[in-house]
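Chains as they are written, first to last, in my numbering: chain H, 1 to 228; chain L, 1 to 228; chain Y, 1 to 228; chain W, 1 to 228; chain R, 1 to 228; chain F, 1 to 228.
Number of protein chains: 6
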Amino acid sequence: MNRHIVIREIDRADPDIIDELAEAGTATVHEAMGRIGFVGPHIRPIQQGAKIAGSAVTVLGHPGDNIMLHAAIELCRPGDVLVVANTAPSTHGMFGDLLATSLLARGVRGLVIDAGVRDTADLRAMGFPVWSQYVSCQGTVKSTPGSVNVPIVMGGITIQPGDVVCADDDGVVIVEREQARTALDGSRSRLDAETAARSRLAAGELGLDFYGLRERLLDLGVEYIDRL
Amino acid sequence: MNRHIVIREIDRADPDIIDELAEAGTATVHEAMGRIGFVGPHIRPIQQGAKIAGSAVTVLGHPGDNIMLHAAIELCRPGDVLVVANTAPSTHGMFGDLLATSLLARGVRGLVIDAGVRDTADLRAMGFPVWSQYVSCQGTVKSTPGSVNVPIVMGGITIQPGDVVCADDDGVVIVEREQARTALDGSRSRLDAETAARSRLAAGELGLDFYGLRERLLDLGVEYIDRL
Amino acid sequence: MNRHIVIREIDRADPDIIDELAEAGTATVHEAMGRIGFVGPHIRPIQQGAKIAGSAVTVLGHPGDNIMLHAAIELCRPGDVLVVANTAPSTHGMFGDLLATSLLARGVRGLVIDAGVRDTADLRAMGFPVWSQYVSCQGTVKSTPGSVNVPIVMGGITIQPGDVVCADDDGVVIVEREQARTALDGSRSRLDAETAARSRLAAGELGLDFYGLRERLLDLGVEYIDRL
Amino acid sequence: MNRHIVIREIDRADPDIIDELAEAGTATVHEAMGRIGFVGPHIRPIQQGAKIAGSAVTVLGHPGDNIMLHAAIELCRPGDVLVVANTAPSTHGMFGDLLATSLLARGVRGLVIDAGVRDTADLRAMGFPVWSQYVSCQGTVKSTPGSVNVPIVMGGITIQPGDVVCADDDGVVIVEREQARTALDGSRSRLDAETAARSRLAAGELGLDFYGLRERLLDLGVEYIDRL
Amino acid sequence: MNRHIVIREIDRADPDIIDELAEAGTATVHEAMGRIGFVGPHIRPIQQGAKIAGSAVTVLGHPGDNIMLHAAIELCRPGDVLVVANTAPSTHGMFGDLLATSLLARGVRGLVIDAGVRDTADLRAMGFPVWSQYVSCQGTVKSTPGSVNVPIVMGGITIQPGDVVCADDDGVVIVEREQARTALDGSRSRLDAETAARSRLAAGELGLDFYGLRERLLDLGVEYIDRL
Amino acid sequence: MNRHIVIREIDRADPDIIDELAEAGTATVHEAMGRIGFVGPHIRPIQQGAKIAGSAVTVLGHPGDNIMLHAAIELCRPGDVLVVANTAPSTHGMFGDLLATSLLARGVRGLVIDAGVRDTADLRAMGFPVWSQYVSCQGTVKSTPGSVNVPIVMGGITIQPGDVVCADDDGVVIVEREQARTALDGSRSRLDAETAARSRLAAGELGLDFYGLRERLLDLGVEYIDRL
């Protein structure tokens, strides 16, 4: 049955791996994992240029109620990312500059939330990065219980507390905690390959040729015609 | 029955109160009023950093037709905000840089519209702030009548002509004209309380403690568990 | 029947006309054509301030598959704009910095796509402008055939290869290739008229008067009332 | 400021007028009022063929919380329609067969709600008609206060308690209480005119001719061409 | 440039072919054409069980204005289907029982519209089938010109006047007029193949085997595992 | 890393419990579990009156590709429900009457899918119940691998193979396999309580009284006012 619980301690991935995943960026990490983990295009940054990774402290709340965000703060450690999902869609501004002040004081690296946030001008000025579904000044009540550090679902992805959250201008990608090193290894390989490809492509070589796609197009039955 | 009317004169709130509400910002004003007045997250700024308040001159138009915006201009006074709703959803770009030129000439502070706007690069360059549902270069006809300075509805909120429109990066909040002073008093109190809270939170104190939420969580049946 | 084809050669409009259409901007061009050609407000720029025009190289792809973008690259020439539609809605990030590197190497001016793009921070840094429906780091497969340089549909508009694509902060407008000169003539007239109107409006004259809208409002049965 | 109140007594329109408005149907009543009052296409019937009108008992609730529906029941009288709006979007199933049992016991004619309902098979079997935005089995809490018999907004329309709610397969139309007789008079005229028109149209006469639209098309600049 | 025109005469496909395409149904015809022509899932029937095909008489209208539907009626012949698109999204109820009375009098088989319709209970009772994006009792004006029998776009598909419109419970599919016979031949083949497959599948044979998909799964790298 | 796998054997809940959960219905089961498990209002039945439960055989597919549905069929047993999610949103009609023929031959009770289905008239005639996000005749390719009987996410809920899927007119609810008995016990209690409440409510007693909500409203600060 459904209980409302707060789990105090969670396992986290190796901080060095997390930092290097941040640097790799979401598109690379997502590809390196075999194209999984993207939470979807509806979760957007409120700022431009932020690029972070951290350990997920998860919150499951009720639409229009942010009491569980308050409960989550003291469980956050430096290097964490707060990740908030709700039991049903919510447009409310569940998070603003005061909660961000608390999180910054604890070394938290950012917020990912499938509802709204407010005080966005302040959040940008404070340098606290946020990825959210909405921007909304509509505040919340503090009346309905939820949970902290339980598995949550966001946009097609299950997120366990302690999973690595990567976020940048392209959105948010989740890496399972146990897969962090694998994701990093894959990301390094991919970055190397991309660097090599980039210089060839810049020189005018065609990916169609060096990826071997010309044959595949023929296999797929694509016909070339000079002119209609 | 439904008539199409233009009301020439409306009552406005005290300009000093309006200016201080602008400064307080939408999140604070919205909370100070008891969490009402937000028009919804679908009305978004086309610029970053604008923060205004003004008296609503209201327009009720027909989708794809902007003749009533033209009618509204001469009724605007310095310090007003033009607020445009339509009788049905519309994605059209009903407003652009020429209308903005007229409004700037009359001292109007901004536009809020539940349809689209265009010439957005020019509008940003001119410093005329706009909150809209869409950006669209699709122009309109001038064939179907509507009304000016009648009550309109935007995103769950009824707006009377003369109501105070507050708008910033978090969206748009409406304060009933008669409630402007009350809203300001509440906003001041809230800003004071937030300033006090902010320094305590920045020092690492927990809102969970000084807002008394720890007990409430227990009352709500939330259980704490050390580790799963 | 539906075949998958790649057309190598297409006709393009006069480059000087294209460049001047870019300068005119989407709102002006759209009006000059009689208010047609806007692909809709769901196709948005990932950057601010870009203002381009070019000849459409069109791609019709399958959701979640970008093999046909690779096929299209070698058909692009300096001054082209790649325009990508899918046979069904897709949120995938079908395009990123490597494809942009190839397109830049060929002198392509930008991308318009009714799906997602990724590496958006890089794309902005590279100065390669993009208009897309989504931002998404979710990558694609290369398994399903499509076509290049066939007519495609985007948001209510049919686009032929070689049509002129105009794109700026207000969105994307398509001008039929054969109509490019007409569109330019109309745009010039409109720009002249707007310049004249702008200075009169800035001086406080009312469009209501010099557009003759006052009589039209009366004809439409709009009543003026001093005060409710 | 925002208080949570329950108003016990409201004024209602003449029951005979209400019943005849039900019979006229939403499309006719809406036209008769000058094309106003439609709450929008997102509020849909869960059944087919119901056609009702009644006096609005209004509820303003919190997303995911149905305590105020319980509060509203004892204020309902025979011939009323319960109309529920929320302070923010909600997909929850806020209403089911038990609340319907209570409402049927009090002679209430139906429910209009901008959230979800559940037990829809039972509601259809009971013959209790419902118009809602969603169908959802997701239940609610009873923790956050709201109001009963205050003005609410639904989809672009302000609804006062006691207004006449007309609902059928085409959706929901609101008639201001004081306008009920006018709406009825207009509806009768329109029904008469439609009956006359219908037989002429059925006989093959063209509305283009007897509505005088042929001239209007010419005035609007529409050209007739035999064949392309 | 954009002119508003009404084309009186259009070419139509062979009526016998059209009737047989109706019988084949949209899913079969769509597959037979190589999976093209579906206008999208947003165009839905207001009734259940209708299954028609006919020649498209096309209308391009303005949001909230149905004057061009009136213009189109006299151009319709027995066996036609009226297909209505708008220059921008519209939720209005642009069509109701009076227009249906006219169309029935002329032998028109149905309506496809990317806006709303009303009088839906009457339309069902009259047996006039409709596929629309919305149901809405909100009526329209008759003020803005459009065109009849010009190419229109609906949901990703370009429709030429005279194209064959197939519509049933699965939605609406367009067959180019010149492709009608090819579509029919393909549909017949497909129906034969499906009949054969259906009896084998009903007997428990696996499509995985007789479509040869088992090998393809292995080629695609899918691994079989007995149990996790 | 992401592999594409097909798991042949899964554990299922007790069939008698499953059957009784079907009878209880989604609203009751969802409440009995503590209001969890609803996949969301976007998954809708294509028929009216079906009420089923079964063991989930899960499919994770690629948008526009149904090869993994074919792979899943031979793993289905009598009493199962096929549950299909995609790695990104898809509107395609991934399922039709031939696949349903196979599933019926294997005793499968229904389909739940977050994409589209087609042949809906046939599916209703066959008595094979379906819950889907879209109806679409647009067919798919068979080119991209996925997985069968892996955990999937649908609308905020994680679904494990073997979980109990309950579906009726109110939507789809998932019960974890290990919680099936608990869910049933809770459902029985709730059904008993509802039966008792229903007769009291039908007799005119107020839930406000016998649920003790009157006091709660006062505690929440709701004020009663006789008349405005």
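The C-beta atom is built at its ideal place from N, Cα and C for all residues, glycine as well.
Query - Neighbouring residues, chain R, relative to ARG118/F (Cβ below 7 Å) - result: ALA27 and ASP170
Query - Limits of the unbroken beta strand (DSSP E) element including MET154/Y - result: From DSSP, the beta strand (DSSP E) with MET154/Y extends over 152-154.
Query raised in the report: On the three-state DSSP scale, how would you describe SER132/H?
Result: When secondary structure is reduced to three states using DSSP, SER132/H falls in the strand class.
Query raised in the report: Is ALA88/W helix, strand or coil when you go by DSSP?
Result: coil
Query raised in the report: On the three-state DSSP scale, how would you describe GLU9/H?
Result: coil
Query raised in the report: ARG35/R versus chain Y: which residues are under 9 Å apart at the beta carbon?
Result: ASN2 and THR87
Query raised in the report: Going by Cα to Cα distance, which pick from GLY127/H, THR87/H, SER90/H and LEU75/H is closest to ALA100/H?
Result: GLY127/H
Requested in this report: Can you check DSSP and say which residues form a bridge with SER55/W?
Outcome: ASP80/W and VAL164/W
Query raised in the report: Is GLN138/L near PHE210/Y, with beta carbons less than 8 Å apart?
Result: It is not a contact, given that the beta carbons lie outside the stated cut-off.
Query - Nearest to PHE95/R (by Cα), restricted to the options ASP16/R, ILE113/R, ALA24/R and ARG3/R - result: ILE113/R
Query - Bounding residues of the alpha helix (DSSP H) (the contiguous stretch that carries THR230/L) - result: The structure shown does not extend to residue 230/L, since chain L is modelled only from 1 to 228, so the question has no answer here.
Query raised in the report: Under a Cβ-count criterion, where at least 16 other Cβ atoms within 10 Å of its own Cβ denotes burial, should ASP14/W be classed as buried or exposed?
Result: exposed
Query raised in the report: DSSP puts LEU103/F in a beta bridge; with which residues?
Result: Partner(s): none; LEU103/F has no beta bridge.
Report task. Check whether the Cβ of ARG12/W lies closer than 7 Å to any heavy atom of the ligand NAP, and answer yes or no. Result -> With respect to small molecules bound, the structure shown includes none, and the ligand NAP cannot be examined in it.
Requested in this report: Kindly give me the distance between the Cβ atoms of GLY79/L and SER55/L, rounded to whole angstroms, as I take these residues to be in contact under 8 Å.
Outcome: Between SER55/L and GLY79/L the Cβ distance is about 6 Å, and since that is below 8 Å, they are a contact.
Requested in this report: With 9 Å as the C-beta to C-beta threshold (strictly closer), list the residues of the segment 124-142 of chain R near chain W in chain order.
Outcome: ARG124, GLN133, TYR134, VAL135, SER136, CYS137, GLN138, GLY139, THR140, VAL141 and LYS142
Requested in this report: Return the chain-ordered list of same chain residues with a C-beta closer than 7 Å to the C-beta of HIS4/L, the five sequence neighbours on each side being excluded.
Outcome: PRO145, GLY146 and SER147
Requested in this report: Could you tell me which of TYR224/W, THR28/W, ILE46/W and ILE18/W sits nearest to ALA125/W, measuring between CA atoms?
Outcome: Nearest C-alpha to ALA125/W among TYR224/W, THR28/W, ILE46/W and ILE18/W: ILE46/W.
Query raised in the report: Can you tell which of ILE10/Y, MET1/Y and ASN2/Y has the C-alpha that lies nearest to the C-alpha of GLN160/Y?
Result: Out of ILE10/Y, MET1/Y and ASN2/Y, ILE10/Y has the C-alpha closest to the C-alpha of GLN160/Y.
**Report entry** Collapsed DSSP secondary structure at ILE67/R in the structure displayed
**Finding:** helix
**Report entry** Sequence-distant residues of its chain with Cβ nearer than 6 Å to VAL172/F (five each side left out)
**Finding:** VAL39, ILE43, VAL112 and TRP131
Query raised in the report: When the Cα of GLY93/Y is compared with those of CYS76/Y, GLU74/Y, LEU75/Y and GLY61/Y, which residue comes out closest?
Result: GLY61/Y
Query raised in the report: What residues from chain L crowd round HIS62/R, counting only those whose CB sits closer than 8 Å?
Result: GLY64 and VAL141
**Report entry** Local Cβ density within 10 Å of ASN86/W, reported as buried at 16 or more and exposed below that
**Finding:** buried
Query raised in the report: Would DSSP call ASP97/R helix, strand or coil?
Result: helix
Report task. Give the secondary structure of ASP219/W by DSSP, where H, G and I count as helix, E and B as strand, and everything else as coil. Result -> helix
Report task. Assign ASN2/F to one of two classes, buried (16 or more other C-beta atoms within 10 Å of its C-beta) or exposed (fewer than that). Result -> exposed
Query raised in the report: Comparing alpha-carbon positions, which option in ALA183/Y, ASP226/Y, LEU69/Y and GLY107/Y lies nearest GLU31/Y?
Result: Nearest of ALA183/Y, ASP226/Y, LEU69/Y and GLY107/Y to GLU31/Y, Cα basis: ALA183/Y.
**Report entry** Where the beta strand (DSSP E) through ALA115/Y begins and ends
**Finding:** 110-117
Query - Short-range partners of chain B found in the segment 141-162 of chain L, where Cβ spacing is below 8 Å - result: Of the protein chains in the structure, H, L, Y, W, R and F, none is chain B.
Report task. Compute the beta-carbon to beta-carbon distance between LEU82/Y and VAL59/Y, rounded to the nearest angstrom, for a pair I have assumed lies under 8 Å. Result -> 7 Å
Requested in this report: List the endpoints of the continuous alpha helix (DSSP H) containing VAL39/H.
Outcome: Taken as a continuous stretch (DSSP letters only), VAL39/H belongs to no alpha helix (DSSP H), as it is neither H nor E.
Requested in this report: Assign ARG8/W to one of two classes, buried (16 or more other C-beta atoms within 10 Å of its C-beta) or exposed (fewer than that).
Outcome: It counts as exposed.
Query raised in the report: With 16 other CB atoms within 10 Å as the buried threshold, where does ILE36/Y fall?
Result: In this structure ILE36/Y is buried. Its beta-carbon is surrounded by 16 or more other beta-carbon atoms within 10 angstroms.
Report task. Return the residue from the list ILE18/Y, ASP19/Y and ALA71/Y that minimises the CA-CA distance to TYR224/H. Result -> Here the closest residue by C-alpha is ALA71/Y.
**Report entry** Whole-number beta carbon distance between SER199/F and PRO63/Y, since they are thought to touch under 8 Å
**Finding:** The Cβ separation is near 53 Å, so there is no contact.
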